[in-house]
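Asks:
Numbering (the numbering used here), first residue to last: 189 to 462.
1. Would DSSP call residue 265 helix, strand or coil?
2. Residue 335 to residue 276, Cα distance in whole Å?
3. Under three-state DSSP, which class holds residue 202?
4. Pick out whichever of 228, 257, 353 has its Cα sitting closest to the Cα of residue 505.
5. Pairs of beta-carbons, one from the segment 407-415 and one from the segment 378-393, closer than 8 Å: are there three or more?
6. Would you mind stating whether residue 365 and residue 295 have Cβ atoms separated by less than 8 Å?
7. Since residue 257 contacts residue 298 with CB under 8 Å, what's their CB separation in whole angstroms?
8. Just to confirm my understanding: we take residue 325, look at its own chain, exclude 5 residues before and 5 after, and list those with CB closer than 8 Å. What are they?
9. Can you have a look at residue 312 and say buried or exposed, based on whether 16 or more other CB atoms are within 10 angstroms of its CB?
10. Below 8 Å, can you find three or more Cβ-Cβ pairs linking the segment 191-210 to the segment 226-246?
11. Could you please give the first and the last residue of the uninterrupted alpha helix (DSSP H) stretch that includes residue 324?
12. Between which two residues does the alpha helix (DSSP H) harbouring residue 284 extend?
13. Going by the CB atoms, is the gap between residue 421 and residue 337 shorter than 8 Å?
14. Could you tell me if residue 201 is buried or exposed, where buried requires 16 or more neighbouring beta carbons within 10 angstroms of its beta carbon?
15. Give every residue of the same chain whose Cβ lies closer than 8 Å to the Cβ of residue 262, excluding the five residues on either side of it in the sequence, and list them in chain order.
16. Whose C-alpha, out of 274, 300, 266, 374, is nearest the C-alpha of residue 286?
17. Suppose the cutoff is 6 Å on Cβ atoms and the five residues either side in sequence are ignored; what does the same chain contact list for residue 351 look like?
18. How should residue 189 be labelled, buried or exposed, when 16 other C-beta atoms within 10 angstroms of its C-beta is the threshold for buried?
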């Protein structure tokens, strides 16, 4: 079912990137979808969900200057997103709001994952922001209309608090994160960078009727015929009303990623050949 990774030439990769970049621009230009664009200073009164992630991590073979540059990149990017109000019927496109993260705009070389390894690329590190927004969105009634999973599982689980695969990778502009407000109330995205954390929240005018609990329903690892391991999981969320009674258990997404490290397997985690 899951095949060995394909090594493509640089020319073919460039050709594919140019094609998908153009296609995304055409989508933005000619789509009838109304995209969110209004940033407002007044903070909405009701907190729907908030989350924070550390800016600095001890990562093997990753120089600290890449993480310092990532922080600079995050500070620039959130200027285009902080206070953004997603009105009913509107869609938030991550890259349409941020734009192309170029050196001319002040972006620096940060860490970027590429085919299971690290490269230093201008604007690198912005996946931390898309990961945060995606995770927060899963705890609201907003609908994720476009999300791309990570193809590689690079780091072993160390003090992981969220399910594996609960983020959203991003590459300008065709690997996008898009979120639509299909409710009848405006929702506001609030973001900030502290000395230690990237902090975010979804807020609104009225209290939510339901609460959401995201969890990993299934998890397994397969040893593939080509010698590597793939990690899989299925993520669901429980929907609870204001009294805490579960009213629904919704499928969210599933992930399948090539493991870039030797797995430490617990009893029952390894399944047969892929």
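Ideal Cβ positions, reconstructed from N, Cα and C, are used throughout, including at glycine.
Replies: By the coordinates alone:
1. helix
2. 20 Å
3. helix
4. Since the first and last residues shown for the chain are 189 and 462, residue 505 lies out of range.
5. no
6. no
7. 5 Å
8. 332, 367, 390
9. buried
10. no
11. 315-325
12. 282-286
13. no
14. exposed
15. 243, 313, 314, 316, 317, 381, 386
16. 266
17. 404, 423
18. In this prediction, residue 189 has a pLDDT of 48, which is less than 50 and means its spatial position is unreliable; what the coordinates show is noted afterwards. By the 10 Å Cβ count, residue 189 comes out exposed.
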